[in-house]
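Inspection log for the structure reproduced underneath, given as structure tokens.
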Amino acid sequence: MPGKQLSSPCMDCRDADSVFMIRSRRLCRNCYIRFVDYKVFRRMEKYRLRKDIPKTGPCRLLLPLSCGLGSAALLHMIHTQIEDFRSKPYGPAGFDLHVLLIDLSCISSRRLPRDDIVEVLQRRFPLASFTQLPLHSIFEFVPDLQEVLPKYAGQGYADDYLLSSKERLDAFRASISSATSAADVDSILLNRLVVAFAKRIDCLGVLWGDSDDRLAARTLASVSKGRGSSLTWQVSDGMSPFGLEFNFPLRDLFTVELQNYANSFPELADIIVPDTPLSDNVLTKNLSIDQLMLRYVSSQGTKYPGVMSNVTRTANKLEAPRMLTDRRRCALCDSFIHDLGGPTMDDKKSSSLPEFCYACDRSRPGLS
Ligand SMILES: [Zn+2]
Ligand SMILES: [Zn+2]
């Protein structure tokens with residue numbers, strides 16, 4: 424059969440015109456999707472084949488979904504994998520997927536794409552199950568925080584038990600004036616809600632939808648915020664201090680590659696809420712360190728993608744710090760406290776403050 428007349432043949436199959444460029448290769452839609460899917464497929468091997476995990480019984484994983492590009496694309500990829508292994512008569516035992524949809528409208532301009540989003544998701548991804556929670560349900564899942572937040576915030580905030588959970592969270596957040604501290608606290612509360620929910624439904628691990636460049640931005644931001652010791656679980660695959668495995672299956676993919684992937688699936692179009700780009704007119708001093716790093720990585724990452732993946736790869740090799748820790752935990756972020764030569768245990772015991780790790784202590788209002 425004579426070959427097709429193609430103006431720019433795909434470099435993999437040579438059977439269709441190329442539509443995307445990825446890592447200097449021109450690929451057709453199908454080969455592009457296969458390339459991207461395979462990156463995530465490899466990252467999920469451990470759970471699909473249940474390596475070092477009992478081969479029978481439940482193996483449940485939690486995917487926190489913000490309806491941003493990363494988590495929505497990841498849901499699509501993982502669901503395709505489940506379809507695939509369940510369709511095979513002698514396929515691997517695999518895993519169950521539960522999705523936690525978190526409404527972030529109380530902490531950001533990010534809204535959920537539609538009111539009936541859970542029903543829509545459930546119809547489109549029938550092999551996963553879904554729960555939706557607002558961030559302020561943190562008070563129900565981690566009741567201890569009700570005592571901790573006023574002590575963390577200090578004099579600028581008086582808790583009022585008569586208010587609703589949402590109003591209490593709003594009042595607490597309003598007491599934090601620094602953009603960096605507010606972003607820091609938001610991500611801590613989000614993490615604690617995800618962990619508490621995952622434990623409540625007996626998950627083995629959490630699948631985070633951060634792409635390579637986002638992980639690079641988080642690595643740089645964490646170091647400058649004094650959270651370097653938490654990089655081992657904030658950007659690395661493996662056991663977190665919370666007794667759950669954290670995994671970042673999109674770590675080999677860049678945001679632009681995910682965007683091309685998502686554009687190839689019309690069923691993702693009305694689920695993804697695009698990020699509002701940071702305006703260049705916003706004064707740098709009004710941005711949090713996280714936003715600054717994201718802006719930096721977005722602008723530099725397109726020019727030097729190799730540098731960004733190097734940052735992420737290096738951070739993924741980090742092991743838990745061997746600094747002294749007697750397994751004391753920070754009252755706010757719940758990670759282990761490493762002894763940095765600050766106030767001693769006795770000093771802390773003599774004050775009425777709960778114990779905070781170095782980074783949380785540093786970000787407290789009035790001190791930052
Ligand atoms: Zn092709
Ligand atoms: Zn902490």
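Numbers given in the working numbering equal positions in the sequence shown, counted from 1, plus 423. Idealized CB from N, CA, C, for every residue including glycine.
- With a cutoff of 7 Å, residue 644 does not count as near ligand 2, since its C-beta is closer than that to no heavy atom of the ligand.
- Distance from the C-beta of residue 782 to the nearest heavy atom of ligand 2 is below 7 Å.
- In this structure, 679 is the residue among 602, 679, 589 with its C-alpha nearest to the C-alpha of residue 633.
- Cβ-Cβ separation between residue 442 and residue 452: approximately 5 Å, consistent with a contact (criterion under 8 Å).
- Straight across, the Cα-Cα distance linking residue 508 with residue 495 is about 20 Å.
- With 7 Å as the limit between CB and the heavy atoms of ligand 1, the residues that fall short of it are 433, 435, 436, 438, 439, 450, 451, 453, 454.
- In its chain, beyond the 5 residues on either side, 445, 450 have a beta carbon closer than 7 Å to the beta carbon of residue 458.
- When C-alpha distances from residue 567 are compared across 612, 438, 577, the shortest belongs to 612.
- The beta carbons of residue 636 and residue 514 sit no closer together than 8 Å.
- The region 532-548 makes no contact with the region 556-575: fewer than 3 CB pairs, one atom from each, lie closer than 8 Å.
- The nearest non-hydrogen atom of ligand 2 is 7 Å or more from the C-beta of residue 490.
- By the neighbour-count criterion, in which a residue is buried when 16 or more other Cβ atoms sit within 10 angstroms of its Cβ, residue 654 is buried.
- The shortest CA-to-CA distance from residue 530 to any of 759, 599, 581, 661 is the one to 599.
- Shortest Cα-Cα distance from residue 527 to any of 473, 780, 519, 609 involves 609.
- Taking the C-beta atoms as reference points, residue 696 is found nearer than 8 Å to residue 534.
- Residue pairing by DSSP places residue 521 opposite 485, 552 in a beta bridge.
- By the Cβ criterion, the region 589-605 is in contact with the region 553-565, since at least three pairs of Cβ atoms, one from each stretch, lie closer than 8 Å.
- Within its own chain, the residues whose Cβ lies closer than 8 Å to the Cβ of residue 481, once the five positions on either side in sequence are excluded, are 519, 625, listed in chain order.
- With fewer than 16 other CB atoms across the displayed protein chains lying within 10 angstroms of its CB, residue 563 is exposed.
- 555 is the residue among 555, 470, 468 whose C-alpha sits nearest the C-alpha of residue 490.
- Close CB contacts of residue 730 within its chain, under the 6 Å cut and outside five residues either way in sequence, are absent.
- Cβ-Cβ separation between residue 523 and residue 617: approximately 6 Å, consistent with a contact (criterion under 8 Å).
- Under DSSP, residue 661 takes part in a beta bridge, and its partners are 669.
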